[in-house]
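Before any comments, here is the structure.
In my numbering, the protein residues as written are 42 to 329.
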């Protein structure tokens with residue numbers, strides 16, 4: 042659960058000593074673009090409503106601009122990063138620069154780890170937790186897929202993505218952006234695209250706009266179909282998204298009777314999430 046947040050008095054000498062080490066530098070190989078706009082950082086922190094939980098994981102805290110606003114919400118916060126320089130900063134300098142963030146309830150723990158390969162059960166056991174962050178764009182879709190695997194424990198997920206990826210996750214059927222991420226995310230969560238963020242509020246600025254979204258787990262997120270089969274149907278269909286389902290799903294062994302169903306005349310972007318669930322049930326129940 043992490044340790045109780047220490048009370049830092051912000052000793053000026055110690056703070057100056059730590060600051061002399063220099064700020065955390067963004068590293069290209071980690072896909073880092075540090076947010077420097079305080080207002081946007083606060084807005085992102087506020088995207089987690091935290092109605093029935095206090096545990097939060099922040100992925101990619103960097104220089105802690107979002108971290109301090111999450112701490113002010115009295116969260117049991119785990120900041121997770123692969124950057125050793127960032128880890129050192131958050132453990133040493135950050136508490137001295139932002140003592141007010143450590144005066145509330147909750148806890149703070151910094152972990153040098155890769156979220157994609159980390160055993161999350163070691164942090165909160167079976168308790169519920171939220172996830173947020175300014176996600177590294179090169180692994181952002183992988184973060185979503187990992188989150189979906191852990192959905193039983195994650196009532197809320199929010200954060201900053203490359204704008205096109207955020208729009209893809211939140212898009213509806215009929216849209217060119219609608220695809221695998223859209224269907225699988227929205228099968229379990231209500232997706233909201235919240236706001237766009239311009240490149241000039243980052244250091245260094247990315248070459249693209251960014252978008253902030255929120256996924257709120259549905260009250261009934263247990264699907265009435267084989268979930269593994271749903272994943273297979275959705276991924277196979279969108280791998281040839283310009284073809285009708287009759288052609289893109291040829292690898293499935295289906296009866297002639299089922300193949301005559303009018304749903305197979307459609308292309309995958311024309312199917313809603315509910316349509317894909319219904320199709321999966323038809324395929325599972327099909328008998329040759």
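For each residue, glycine too, the CB sits at the ideal point set by N, CA and C.
Predicted model, so just to flag it, every value in this text is computed and none were measured.
A distance below 8 Å between beta-carbons, with the five flanking residues on each side excluded, links residue 265 to the following residues of its chain, in chain order: 318 and 322. Every unbroken stretch of the beta strand (DSSP E) spanning 3 or more residues and falling wholly within the segment 179-206 is given here in chain order: 197-203. Counting only residues of its own chain and dropping the five nearest sequence neighbours on each side, residue 196 has a CB closer than 6 Å to the CB of 169 and 258.
Comparing alpha-carbon positions, the option among 222, 302, 245 and 255 lying closest to residue 280 turns out to be 222. For residue 250, the number of other beta carbons within 10 angstroms of its own is below 16, and it is reported as exposed. No residue range can be given for residue 282, since it is assigned to no alpha helix (DSSP H) and is classified by DSSP as neither H nor E.
When the beta-carbon positions are compared, residue 226 and residue 256 come within less than 8 Å of each other. The beta-bridge partner set that DSSP reports for residue 171 consists of 97. Annotation for residue 119: the continuous beta strand (DSSP E) segment containing it runs 117-122.
Check the Cα spacing between residue 314 and each of 293, 176 and 220: the tightest is with 220. Counting other Cβ atoms within 10 Å of its Cβ, residue 208 reaches 16 or more and is therefore classed as buried.
A direct Cα-Cα distance of roughly 10 Å separates residue 228 from residue 261. Where residue 234 is concerned, the enclosing beta strand (DSSP E) starts and stops at 230-238.
Around residue 230, the same chain offers 192, 198, 256, 257, 258, 259 and 262 as residues with beta carbons nearer than 8 Å, after the five sequence neighbours per side are excluded.
Taken through DSSP and simplified to helix, strand or coil, residue 263 comes out as coil. Put simply, the segment 75-84 touches the segment 237-244. At least three CB pairs are less than 8 Å apart. Between the segment 125-139 and the segment 100-114, the count of C-beta pairs closer than 8 Å reaches three or more; the two stretches touch. The beta carbon of residue 212 sits closer than 6 Å to those of 218, 219 and 223, all from its chain and outside the five residues before and after it, given in chain order. Cβ atoms of residue 98 and residue 172 come within 8 Å of each other, at about 5 Å.
Separation of residue 163 and residue 124 (C-alpha to C-alpha, rounded to the nearest whole angstrom) is 21 Å.
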